[in-house]
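Numbering-wise, the working numbering comes out as the position in the sequence shown, counting from 1, plus 150. These notes are about the structure you will find just below.
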Amino acid sequence: EAFNPSDYHRSEIGFHCDIVIAFGGDGTMLSTAREVSHTQVPILGVNLGRFGFLAEISIKELYEQVEKIASGNYEVETRMALEARVFHGAKERTFFACNDVVLDRYSSSRTILIDTYIDGEYLNTYNADGIIISSPTGSTAYNLSAGGPLLATDLEALIVTPICSHSLSQRPLVINPRRTIKIKARSEGRKMLFTADGQDVLDVTEKDVIEVRKSRYPVKLVKFSGKSFYQVLRTKLNWGENKCSNESI
Numbered sequence: 151e152a153f154n155p156s157d158y159h160r161s162e163i164g165f166h167c168d169i170v171i172a173f174g175g176d177g178t179m180l181s182t183a184r185e186v187s188h189t190q191v192p193i194l195g196v197n198l199g200r201f202g203f204l205a206e207i208s209i210k211e212l213y214e215q216v217e218k219i220a221s222g223n224y225e226v227e228t229r230m231a232l233e234a235r236v237f238h239g240a241k242e243r244t245f246f247a248c249n250d251v252v253l254d255r256y257s258s259s260r261t262i263l264i265d266t267y268i269d270g271e272y273l274n275t276y277n278a279d280g281i282i283i284s285s286p287t288g289s290t291a292y293n294l295s296a297g298g299p300l301l302a303t304d305l306e307a308l309i310v311t312p313i314c315s316h317s318l319s320q321r322p323l324v325i326n327p328r329r330t331i332k333i334k335a336r337s338e339g340r341k342m343l344f345t346a347d348g349q350d351v352l353d354v355t356e357k358d359v360i361e362v363r364k365s366r367y368p369v370k371l372v373k374f375s376g377k378s379f380y381q382v383l384r385t386k387l388n389w390g391e392n393k394c395s396n397e398s399i
C-alpha cells in the first residue's frame with residue numbers, strides 16, 4: 151500500500167508504515183527517533199554521513215537489505231530512551247532524547263553548581279561545566295568524551311556524568327532506570343543551556359528545575375544478523391584495538 155507522506159505531519163507517518171528508513175548521519179537518526187518514537191515503528195538507518203554510529207547499513211547495502219526486510223529476514227532491537235521535563239514556574243516543557251540530555255554553562259568560562267537528586271534524595275552538588283544524563287545508546291556519544299562508561303545497548307540504565315568536574319571524587323554514576331533524576335543549577339545569574347540529543351535547545355535559569363527519567367517510548371531499530379553492538383564498537387570506535395606489533399624486540 152502506498153501513501154503520500156506530504157499528506158501527513160512528520161509525527162504521524164509512523165502510524166501509516168511498517169518501517170521508517172532514515173537516510174543521513176547520526177543526527178538524522180536522532181531526529182527521526184524523536185519524530186516517530188511514540189508510534190513505535192522500527193527505524194532503519196542508512197548512513198550518508200561521516201560517522202554513522204547509529205545507522206545500520208551503508209547506501210551500498212540498501213537494496214540487498216531491503217530485500218531481506220521484504221522477506222522478513224531482520225530483527226527489531228528495542229533501546230531505552232529518555233524523557234526530560236523542564237519546569238519554569240507554572241510552565242512545563244517535555245523533551246524526548248535517544249542519546250542524552252545536557253545542562254551546561256553556555257558561553258561563560260566559569261563553572262556552575264548543579265544540585266542533583268535521585269527520587270527526591272540528595273545525591274551531590276557538582277561543581278562543573280555541566281552535566282550529562284545519558285541512555286545506554288548515548289553512552290558512546292558525549293558521555294564517552296566526558297569520561298563516562300560504555301554501556302551495552304541491551305541494558306537499561308541512566309548514566310550521570312559531570313562535564314569537567316572540579317573534583318577528583320565526582321565521577322560518573324550508573325543508576326536504576328526506574329529512578330527519576332532532578333537537577334537544579336546555580337550560576338550566579340548567568341544563562342545556562344539545556345539540550346536534548348544536541349538538537350532541541352532551551353535557555354534555562356537558576357529558577358528552572360529539570361527532571362529526567364526513562365521514557366515510556368523506547369526506540370526501535372531494524373537490525374540484521376552479523377552486526378552486533380560489540381562489532382560496531384570495534385569497527386567504528388576502534389575500541390580495544392591493539393596497535394602493538396607482534397614482533398619481538
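For each residue, glycine too, the CB sits at the ideal point set by N, CA and C.
Classification of residue i by the beta-carbon crowding that lies within 10 angstroms, buried from 16 upward
i           : result
residue 303 : buried
residue 260 : exposed
residue 400 : There is no way to answer for residue 400, as the model of the chain reaches only from 151 to 399.
residue 326 : exposed
residue 395 : With a pLDDT of 49 at residue 395, under the threshold of 50, the modelled position of this residue cannot be trusted; read the value that follows with caution. The residue in question, residue 395, is exposed, as its Cβ has fewer than 16 Cβ neighbours within 10 Å.
residue 200 : exposed
residue 334 : buried
residue 242 : exposed
residue 332 : buried
Proximity of residue i and residue j at Cβ, strictly below 7 Å
i           : j           : result
residue 344 : residue 263 : no
residue 231 : residue 368 : yes
residue 250 : residue 288 : yes
residue 140 : residue 329 : The requested residue 140 does not occur in the structure, where the chain is confined to residues 151 to 399.
residue 313 : residue 296 : yes
residue 441 : residue 216 : Limits of the chain in this structure are 151 at one end and 399 at the other, which puts residue 441 out of reach.
residue 292 : residue 281 : no
residue 305 : residue 286 : yes
residue 267 : residue 315 : no
residue 164 : residue 182 : no
Where residue i falls: helix, strand or coil (DSSP)
i           : result
residue 221 : coil
residue 303 : coil
residue 249 : coil
residue 169 : coil
residue 395 : Here residue 395 scores only 49 on pLDDT, less than 50, and its place in the model should not be relied on; the value that follows carries that caveat. Coil, per DSSP.
residue 379 : helix
residue 101 : There is simply no residue 101 to check, as the chain begins at 151 and stops at 399 in what is shown.
residue 367 : coil
For residue j and residue i, the rounded distance between their alpha carbons
i           : j           : result
residue 320 : residue 177 : 30 Å
residue 202 : residue 174 : 8 Å
residue 239 : residue 357 : 8 Å
residue 381 : residue 338 : 46 Å
residue 194 : residue 171 : 5 Å
Range covered by the alpha helix (DSSP H) that runs through residue i
i           : result
residue 182 : 176 to 186
Run of the beta strand (DSSP E) containing residue i, from where it starts to where it stops
i           : result
residue 140 : The chain is shown from 151 up to 399; residue 140 falls before or after that span and cannot be answered.
residue 343 : 342 to 346
residue 292 : Residue 292 -> not in any beta strand (DSSP E); alpha helix (DSSP H) instead, spanning 292 to 295.
residue 157 : Run containing residue 157: none; DSSP gives neither H nor E here.
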